[in-house]
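Asks:
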């Protein structure tokens, strides 16, 4: 079976603009000044500049090399980037830490950049990085780190803004911009539904901020980036007045309760379960009381 090819080479740019138009027409009253300014300014840029920006948004991370951003429809990425610089959305030749630099360079380039300072050129990148940390603890511009390189480094500065817009459009941060590509290819088929203003998932700006706060807590918890106690201290204690968001908060609480239960931390597991309305919480609370031999309370 032959791979399907999209005839419109700027399909990703058109989809991104469609998102901006939809948000601007439906959620204008909830947007910050920064978000409104972005939506207004984006269409006025040259097409190649807009396309490069969307390509950067769609990729992981916020650091890129121009040589890795070559697309036939965009042309020279450095020239396209020049039109983006005045917006403040990206920066050219950003200041990088040693770790950030290593993410951009291949092993032969590391050897060329550090020369005699690199004692074991055959070592793995992780080992080379560790060996250079003490001597190169400061941050420097990409061109300073690697003076002999003709390539240009670019950093996108507004990924969080674009993530917020993606959240407003999809209603979650799980779906990304590739959803549109799959839809254009016919892999995903979405039913067209008209939504009234009363059916908006986010009713005011607080809903968006609460979602982002909850999402940050969940990421730190799932990835083990912070002690559970610290995560819980950042999670709002009071119930959200948005039923949809409150359901997500209670589900997360239930998962934290399960974590404490697996750790046999009965007091904290019970504390979480008893203030959680997620289905099954009451049963788990009873079970925790039994495990803690508090049989009368369980009864």
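Numbering (the numbering used here), first residue to last: 53 to 351.
Cβ atoms here follow ideal geometry from the backbone N, Cα and C, with glycine treated the same way.
Beta carbon of residue 177, beta carbon of residue 154: below 8 Å?
Replies: Taking 8 Å as the Cβ cut-off, residue 177 and residue 154 qualify as a contacting pair.
Asks: Take residue 146 as the anchor and find which of 97, 209, 121 has the nearest alpha-carbon.
Replies: Residue 146 has its Cα closest to that of 209, out of 97, 209, 121.
Asks: Among all the DSSP beta bridges, which residues are the ones paired with residue 142?
Replies: In the DSSP output, where bridge partners are listed per residue, residue 142 has 208.
Asks: Give, in chain order, every unbroken run of the alpha helix (DSSP H) that is at least 4 residues long and sits entirely within the segment 107 to 162.
Replies: Runs of the alpha helix (DSSP H) inside the segment 107 to 162: 129 to 134, 150 to 156.
Asks: Whole angstroms are fine: how far does the CA of residue 90 sit from the CA of residue 258?
Replies: One C-alpha to the other measures close to 20 Å.
Asks: Once you ignore the five residues that flank residue 239 on each side, which residues in its own chain have a CB closer than 8 Å to its CB?
Replies: Bear in mind that a pLDDT of 48 at residue 239, under 50, signals an unreliable position, so the number given afterwards is only what the model happens to contain. Excluding sequence neighbours, residue 239 sits near nothing in its chain.
Asks: Sort 148, 150, 152, 175 by Cα distance to residue 160 and report the nearest one.
Replies: Among 148, 150, 152, 175, the Cα nearest to that of residue 160 is on 175.
Asks: Have a look at residue 324 and residue 313 and give me their C-alpha separation to the nearest angstrom.
Replies: Taking the straight line joining both Cα atoms gives about 10 Å.
Asks: So residue 12 is in the alpha helix (DSSP H); what residue range does that whole segment cover?
Replies: Here the chain has residues from 53 to 351 only, and residue 12 is not among them.
Asks: Starting from residue 326, trace the alpha helix (DSSP H) in both directions and tell me its first and last residue.
Replies: Run containing residue 326: 318 to 326, per the alpha helix (DSSP H) assignment.
Asks: Residue 195 lies in the alpha helix (DSSP H); which residues open and close that run?
Replies: Residues 194 to 197.
Asks: Apart from the five residues on each side of it in sequence, which residues of its chain come closer than 6 Å, Cβ to Cβ, to residue 229?
Replies: 110.
Asks: Given residue 129, which residues of its chain have a CB within under 7 Å of its CB, disregarding the five upstream and five downstream residues?
Replies: 104, 118, 121, 122.
Asks: Under the rule that 16 or more other beta-carbon atoms within 10 Å means buried, what is residue 270, buried or exposed?
Replies: So residue 270 counts as buried.
Asks: Between which two residues does the alpha helix (DSSP H) harbouring residue 255 extend?
Replies: Here residue 255 belongs to no alpha helix (DSSP H), and DSSP marks it neither H nor E.
Asks: Is residue 66 near the ligand HEM, going by C-beta to nearest heavy atom under 7 Å?
Replies: The model on display carries no ligand, and the ligand HEM is accordingly not part of it.
Asks: List the whole-angstrom C-beta distance separating residue 266 from residue 320, where the pair is believed to meet the contact cut-off of C-beta under 8 Å.
Replies: Not really, about 19 Å apart at Cβ, beyond 8 Å.
Asks: At a cut of 8 Å, does the segment 72 to 80 reach the segment 204 to 224 through at least three beta carbon pairs?
Replies: Touching, yes, given that three or more Cβ pairs across the two stretches are closer than 8 Å.
Asks: Could you give the distance in angstroms between the alpha-carbon of residue 263 and the alpha-carbon of residue 115?
Replies: Distance between the alpha carbons of residue 263 and residue 115 is about 26 Å.
Asks: Contact criterion: CB-CB distance below 8 Å. Does residue 257 meet it with respect to chain D?
Replies: No chain D is present in this structure, which holds just one protein chain.
Asks: Among 330, 140, 132, 338, which residue has its Cα nearest to the Cα of residue 306?
Replies: Cα-wise, what sits closest to residue 306 is 330.
Asks: I need the DSSP call for residue 282, collapsed to helix, strand or coil.
Replies: Note: residue 282 maps to helix in three-state DSSP.
Asks: Just the Cα atoms here: how many angstroms apart are residue 289 and residue 189?
Replies: Each residue's Cα considered, the two are about 40 Å apart.
Asks: Tell me the rounded alpha-carbon separation between residue 173 and residue 167.
Replies: When rounded, the distance between both Cα atoms is 9 Å.
Asks: Check whether the Cβ atoms of residue 124 and residue 100 sit closer than 8 Å, and answer yes or no.
Replies: Contact: no.
Asks: Looking only at its chain, what residues have a beta carbon closer than 6 Å to the beta carbon of residue 65, apart from the 5 residues adjacent to it on each side?
Replies: Around residue 65: 102, 103, 106.
Asks: Once you ignore the five residues that flank residue 60 on each side, which residues in its own chain have a CB closer than 7 Å to its CB?
Replies: Excluding positions up to five away in sequence, the list reads 66.
Asks: Need the endpoints of the alpha helix (DSSP H) that residue 348 sits in, please.
Replies: Start and end: 347 to 350.
Asks: Work out the CA separation of residue 279 and residue 318 for me, nearest whole Å.
Replies: For residue 318 and residue 279, the distance between alpha carbons rounds to 17 Å.
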